[in-house]
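Asks: 1469 is the number of the first residue of the sequence shown in my numbering; add one for each residue after it.
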Amino acid sequence: MSDRLPELLKAFDGSLPLSRARTIPSAWYFDPEIYALECEKVFGNTWQYVGRAELVRAPGTYLTVELAGQPILVVRDEQGTLRAFHNACRHRAAQVINEPCGHATKLRCRYHGWTYDLAGKLRGTPEFAGVEDFDHAEHGLPPMNVETWGPFVFVHQGTPTKKLAEYLAPFPRMTEGLGVGDLRYFDRREYVLECNWKVFVDNYQDGGYHVNTVHPGLAGALDYSQYRTELHEHNTVQISPIKQSDDPAVAKTRAGTHAYYWWIFPNLMINLYQGVMDTNWVMPLGTDRCRVIFDFYFTDIEGEEAKQFNDQSIAVAHQVQLEDWGVCEEVQRGLRCRSYDTGRFSVKREAGGYYFHQLLAQTLRE
């Protein structure tokens, strides 16, 4: 740790009321030491969404993902227990599974052929006879915490202080009666943005402040005068009444009485409308690059009529993402401007953005 890092961390004061608060310093969006600390403490020591529960329902099914530089493997063993490990062989750290999802009867590193069972125990070490002080039992894949809620799988690489349900609260309770359990996965879209992952979260968390100026199509479906943000321990929710849009595609696919926009600290966002849900999962790829994965869920995914509706809904979401994409990359470039260091928050709109910065700073300083 350099002498500069403690000073950078001190530069943000999260104790101020929103009316006096400033954003985190611009350096937090491109400083390599801040980024390394985020990988360790934010992504490495919180509950992290890693994929869809339906991918690991049956014994032998697995999913893999790389999260802030850490390869993660989730697998359902033969007894039906869900397990998670770092996807790295204990011999030379090559991956023990190389596909994003699938079915396996064992975990086999393709480099030197070491094999593990689905519970992570080391079972095979070719041509390793004669190695002294080597205990197979001590060279299994170290387990990590894994839990599910609804359609989602989460892992925790550290020692969680709360079970997943507690961490997500009150999100599970608030979604009761909103039909989340009836939604089924339909499709995925991925985007790579030339911006820090926090820029994307900031954009999501601004309480709809940018909707009227950046998203004219979406703005027509939201009653902006009653748009509000609720803050909870590890998440926020933005709620807006739905109104009839002049855009036929938006009016058809953004229906119901309310739109709900949940954010789960630090990097998962969930948009929910009547019969429609999409998850926005942002993963850092460096100080000034991130990947955003959108998974789309619908009540009905069978038949041509459902497909047409779902494709239309995805097209609406894609347009919104394209609009955000340009703004986020523009902001990232502007954050390096010599005359910019911190900004202020709209008291009416940006409580969620300030709360994100408060939680982030708290986590980095722990």
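Idealized CB from N, CA, C, for every residue including glycine.
Report the CB separation of Thr1747 from Leu1736 in whole angstroms; it is logged as a contact under 8 Å.
Replies: About 7 Å separates the two Cβ atoms, so the contact holds.
Asks: Take the Cβ of Asn1566 as the centre, count every other Cβ of all protein chains shown within 10 Å, and call the residue buried at 16 or more, exposed below.
Replies: Exposed, by the Cβ-count rule.
Asks: Name the residue from Gly1754, Pro1610 and Gln1776 whose alpha carbon lies nearest to the alpha carbon of Pro1500.
Replies: The shortest C-alpha separation from Pro1500 is found at Gly1754.
Asks: Run through DSSP, which three-state label would His1683 get?
Replies: Coil, per DSSP.
Asks: DSSP three-state label for Gln1516, please.
Replies: Correct three-state label for Gln1516: strand.
Asks: Please report the distance separating the alpha-carbon of Thr1514 from that of Ala1536.
Replies: Thr1514 and Ala1536: Cα-Cα distance of roughly 12 Å.
Asks: Find out if the Cβ-Cβ distance for the pair Gly1626, Val1784 is shorter than 8 Å.
Replies: Taking 8 Å as the Cβ cut-off, Gly1626 and Val1784 do not qualify as a contacting pair.
Asks: Distance, Cα to Cα, Lys1589 vs His1702?
Replies: Rounded to whole angstroms, Lys1589 to His1702 spans 34 Å at the Cα level.
Asks: Can you tell me where the beta strand (DSSP E) holding Ile1707 begins and where it ends?
Replies: Unbroken beta strand (DSSP E) run through Ile1707: Asn1703 to Pro1709.
Asks: Whose C-alpha, out of Asp1481, Arg1490, Ile1502 and Phe1498, is nearest the C-alpha of Ser1470?
Replies: Here the closest residue by C-alpha is Ile1502.
Asks: For the 8 Å Cβ check, are there 3 or more pairs between the stretch 1710-1723 and the stretch 1678-1693?
Replies: The stretch 1710-1723 vs the stretch 1678-1693: in contact.
Asks: Assuming Trp1665 and Val1750 make a contact with CB atoms under 8 Å, what is their CB distance in whole Å?
Replies: 5 Å between Cβ atoms; contact.
Asks: What separation, rounded to the nearest whole angstrom, lies between the Cα atoms of Ala1774 and Asp1650?
Replies: Looking at the two C-alpha atoms, the distance is approximately 15 Å.
Asks: Does the count of Cβ pairs from the stretch 1477-1486 and the stretch 1581-1598 closer than 8 Å reach three?
Replies: Result no; under three Cβ-Cβ pairs closer than 8 Å.
Asks: Helix, strand or coil: how does DSSP classify Cys1577 here?
Replies: If DSSP states are grouped into helix, strand and coil, Cys1577 belongs with coil.
Asks: Can you tell me whether Arg1812 is buried or exposed? The criterion is at least 16 other CB atoms within 10 Å of its CB, across all chains shown.
Replies: Exposed is the call here.
Asks: Give me the Cβ distance between Arg1817 and Gly1676, rounded to the nearest whole Å; I'm assuming they're in contact under 8 Å.
Replies: Right, the Cβ-Cβ distance comes to about 7 Å (below 8 Å), so this counts as a contact.
Asks: Any contact between the stretch 1521-1531 and the stretch 1568-1581? By contact I mean 3 or more CB pairs, one from each, below 8 Å.
Replies: Cβ pair count under 8 Å is three or more, so yes.
Asks: What residue from Arg1696, Arg1560, Arg1488 and Pro1493 has the CA that sits closest to Arg1806's CA?
Replies: Nearest of Arg1696, Arg1560, Arg1488 and Pro1493 to Arg1806, Cα basis: Pro1493.
Asks: Would you say Ala1552 and Val1648 are within 8 Å of each other, going by their C-beta atoms?
Replies: Contact flag unset, no.
Asks: If we ignore side chains and look at the alpha-carbon of each, how far apart do Asp1779 and Val1705 end up?
Replies: In a straight line, the C-alpha of Asp1779 is about 26 Å away from that of Val1705.
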